[in-house]
Amino acid sequence: MRRQIVNEKDIGRVFKIDILFAVPIFFLIMSIGYGIYSKDLMSMFTGLYDIVSSPTILITDFLKVGGVSSSLLNVALVGFLNVYIMNKYKLRINGVLIAGFFTVIGFSFFGKNIYNILPIYLGGYLYTRYQKIHFKDIIIVLMFATALAPLISEISFSGILGPVADIFLAILGGVFIGFVIVPLSSHMIKFHDGYNLYNIGFTAGIIGTVLTSILRTFGVVVEPVYVVSESNHLIIIIMAFIILGALMALGLYINKRAILDYRKILKYKGRLITDFTHLVGYGVTFVNMSILGLISITYVLLVGGVVNGPVLAGIFTVVGFGAFGKHVRNVFPITLGVITVALLFGFELSSTGVIISILFSTTLAPIAGTYGPVVGFFAGMLHMFLVQNVGIIHGGINLYNNGFAGGLVAGVLIPIIDAFEKE
194 MRRQIVNEKD IGRVFKIDIL FAVPIFFLIM SIGYGIYSKD LMSMFTGLYD
244 IVSSPTILIT DFLKVGGVSS SLLNVALVGF LNVYIMNKYK LRINGVLIAG
294 FFTVIGFSFF GKNIYNILPI YLGGYLYTRY QKIHFKDIII VLMFATALAP
344 LISEISFSGI LGPVADIFLA ILGGVFIGFV IVPLSSHMIK FHDGYNLYNI
394 GFTAGIIGTV LTSILRTFGV VVEPVYVVSE SNHLIIIIMA FIILGALMAL
444 GLYINKRAIL DYRKILKYKG RLITDFTHLV GYGVTFVNMS ILGLISITYV
494 LLVGGVVNGP VLAGIFTVVG FGAFGKHVRN VFPITLGVIT VALLFGFELS
544 STGVIISILF STTLAPIAGT YGPVVGFFAG MLHMFLVQNV GIIHGGINLY
594 NNGFAGGLVA GVLIPIIDAF EKE
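Counting in the numbering used here, the sequence shown runs from 194 upward without gaps.
(1) For Val420, which beta-bridge partners are listed by DSSP?
(2) Within this structure, are the beta carbons of Ser236 and Gly272 separated by less than 8 Å?
(3) My output table needs one value for Met194: the three-state DSSP class, helix, strand or coil.
(4) Under 8 Å, do Gly518 and Thr467 count as touching if we go by C-beta distance?
(5) Decide yes or no for the touch test of the segment 377-391 against the segment 558-573: beta carbon pairs closer than 8 Å, at least 3 of them.
(6) List the whole-angstrom C-beta distance separating Leu443 from Phe479, where the pair is believed to meet the contact cut-off of C-beta under 8 Å.
(7) Tell me the rounded alpha-carbon separation between Val504 and Gly293.
(8) Is it buried or exposed, Arg195, if we count other Cβ atoms within 10 angstroms and call 16 or more buried?
(9) Mind checking which residues open and close the alpha helix (DSSP H) that includes Glu347?
(10) Measuring CA to CA, which of Arg206, Leu234 and Val276 is closest to Phe214?
(11) I need the boundaries of the alpha helix (DSSP H) containing His471, first residue and last residue.
(12) Could you tell me whether the segment 222-230 touches the segment 493-508, where touching means 3 or more Cβ pairs closer than 8 Å?
(13) Per the contact definition of three or more C-beta pairs closer than 8 Å, is the segment 339-357 in contact with the segment 303-314?
(14) Under a Cβ-count criterion, where at least 16 other Cβ atoms within 10 Å of its own Cβ denotes burial, should Tyr475 be classed as buried or exposed?
(15) Taking Cβ positions, are Asp254 and Val473 nearer each other than 8 Å?
(16) Span of the alpha helix (DSSP H) holding Ile374?
(17) Let's see if you can read the secondary structure: which residues bound the alpha helix (DSSP H) around Met336?
(18) Just mark Ile252 as buried or exposed, buried being the case when its beta carbon has 16 or more other beta carbons within 10 Å.
(19) Could you check whether the segment 281-289 touches the segment 329-337, counting it as contact only if at least three pairs of C-beta atoms, one from each stretch, sit closer than 8 Å?
(20) Three or more C-beta pairs closer than 8 Å, one from the segment 414-430 and one from the segment 585-593: is that the case here?
(21) Can you give the Cα-Cα distance for Glu395 and Phe350, rounded to whole angstroms?
(22) Could you name each continuous beta strand (DSSP E) segment of 3 residues or more that falls completely within the segment 268-309, going from the start of the chain to the end?
(23) Rounded to whole angstroms, what is the Cα-Cα separation between Leu377 and Arg522?
(24) Could you give the distance in angstroms between the alpha-carbon of Ile139 and the alpha-carbon of Leu427?
(25) What ranges does the alpha helix (DSSP H) occupy inside the segment 440-500, keeping only unbroken runs of at least 4 residues that lie completely in it?
(26) With respect to the alpha helix (DSSP H) encompassing Ala558, which residues constitute its N-terminal and C-terminal limits?
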């Protein structure tokens with residue numbers, strides 16, 4: 194049972210589902226509206242086909258592959274599917290579910306589509322049947338497990354055996370991922386001890402490395418790509434600000450003192466599991482999500498970056514985890530460490546690669562929250578060194594590359610820190 198939060202309205206489960214349901218509705222309306230505005234409504238569907246039939250390996254920006262209208266349609270479809278599953282199985286709308294939902298929404302601009310996520314859900318369902326457990330108990334794991342969705346697309350359209358055989362093989366691969374991800378993720382968390390918020394990203398990196406190695410043995414070369422939109426779309430930026438503004442307004446509606454109560458969230462370290470909806474309420478949580486998102490998109494624009502698919506994935510993931518471990522105090526030292534390394538080694542701060550490294554590096558927020566800003570700063574620096582190089586290991590089929598790198602950073606750094614503390 195969630196504790197009663199002072200000053201907060203009890204909004205009920207139905208209203209919480211409606212909040213999430215409003216997100217894909219918004220994207221669907223904007224998709225159709227943009228198609229009508231551009232006087233090419235049919236391209237929305239042809240572009241969606243291009244998105245579904247693309248390999249989606251890191252980094253494949255759907256805004257570049259299918260266009261704005263088609264990308265928004267894909268986001269809407271993926272969003273509807275996940276909200277339907279949440280509602281059907283009557284999941285409690287808590288912090289981790291909000292984090293998972295917004296992460297999936299973000300990556301629907303970049304890597305995940307309505308086709309390549311389905312086999313993973315199917316594999317998870319078969320796992321629950323085999324283990325005789327409830328499907329609803331692993332849904333959140335499966336939402337994050339779609340990090341490996343590019344593997345399904347890569348095999349489906351690789352031309353290894355022929356169209357039909359390739360799709361069948363891809364579905365089997367997705368089912369396998371969904372089947373093994375749950376037991377593996379519960380063991381992998383022990384490696385980083387909860388200091389990497391993207392635990393499934395670390396698990397997916399391990400699985401992706403194994404599967405990519407197998408594919409390479411059979412002569413299927415899986416290598417990272419770089420298909421990225423290089424220009425801003427005003428409609429995308431406006432939409433992002435509308436959603437972030439709506440979260441702020443929603444937070445203040447639920448709790449009129451949410452701004453004044455915001456300081457309460459800053460005392461939490463963020464280590465898994467830190468559910469802000471339980472600890473400080475939905476009002477303060479939505480305000481925190483909005484603040485993190487506004488800071489993220491403002492930074493991107495200030496450095497001259499492009500708000501493209503990968504960047505949107507980063508922003509929405511940061512927003513989502515604003516309900517589950519991240520706040521301004523524990524993410525700032527991490528991002529400062531990443532920015533410092535980028536400047537020292539001459540990386541362009543406006544480049545998409547650097548921007549998404551900064552945004553996703555916040556997976557290590559619990560380190561700064563627990564050990565302080567100095568350790569957090571060095572964790573961010575180490576993260577930047579690793580994330581530039583680990584993608585080649587799994588060939589880009591793990592969309593949560595920063596989660597993989599973050600798990601390695603935390604797994605190596607935390608024991609060293611603890612050893613010095615005990616000394």
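Even for Gly, the Cβ is constructed at its ideal location relative to N, Cα and C.
On the basis of the data shown:
(1) The bridge partners DSSP lists for Val420 are Thr253.
(2) In this structure, Gly272 does not lie closer than 8 Å to Ser236 by Cβ.
(3) In this predicted model, Met194 has a pLDDT of only 44, less than 50, meaning its place in the structure is not dependable enough to derive any value.
(4) Contact flag set, yes.
(5) Verdict: yes, contact present.
(6) Sure, about 5 Å apart at Cβ, within 8 Å.
(7) Cα to Cα, the separation comes out at about 17 Å.
(8) Reliability of the predicted coordinates at Arg195 is poor, the pLDDT of 49 falling under 50, and the value obtained from them is presented with this limitation in mind. When all chains shown are included, Arg195 counts as exposed.
(9) Per DSSP, Glu347 belongs to the alpha helix (DSSP H) from Ala342 to Ser349.
(10) The shortest C-alpha separation from Phe214 is found at Val276.
(11) DSSP places His471 inside the alpha helix (DSSP H), whose first and last residues are Phe469 to Leu472.
(12) No, the segment 222-230 does not touch the segment 493-508.
(13) Yes, the segment 303-314 is in contact with the segment 339-357.
(14) Buried, because 16 or more other Cβ atoms sit within 10 Å of the Cβ of Tyr475.
(15) Result no, Cβ atoms of Asp254 and Val473 do not sit closer than 8 Å.
(16) Pro356 to His385 is the extent of the alpha helix (DSSP H) around Ile374.
(17) For Met336, the enclosing alpha helix (DSSP H) stretches over residues Ile332 to Ala338.
(18) Buried: at least 16 other Cβ atoms inside 10 Å.
(19) Here the segment 281-289 makes contact with the segment 329-337; the two share three or more CB pairs at distances below 8 Å.
(20) Result yes; three or more Cβ-Cβ pairs closer than 8 Å.
(21) The residue asked about is misnamed: residue 395 is Phe in this sequence, not Glu. Rounded to the nearest angstrom, the two C-alpha atoms are 26 Å apart.
(22) Counting only runs of 3+ residues, no beta strand (DSSP E) is found wholly inside the segment 268-309.
(23) About 31 Å.
(24) The requested residue 139 does not occur in the structure, where the chain is confined to residues 194 to 616.
(25) Here the runs fully enclosed are 451-454, 469-472 and 475-495.
(26) Run containing Ala558: Ala558 to Tyr564, per the alpha helix (DSSP H) assignment.
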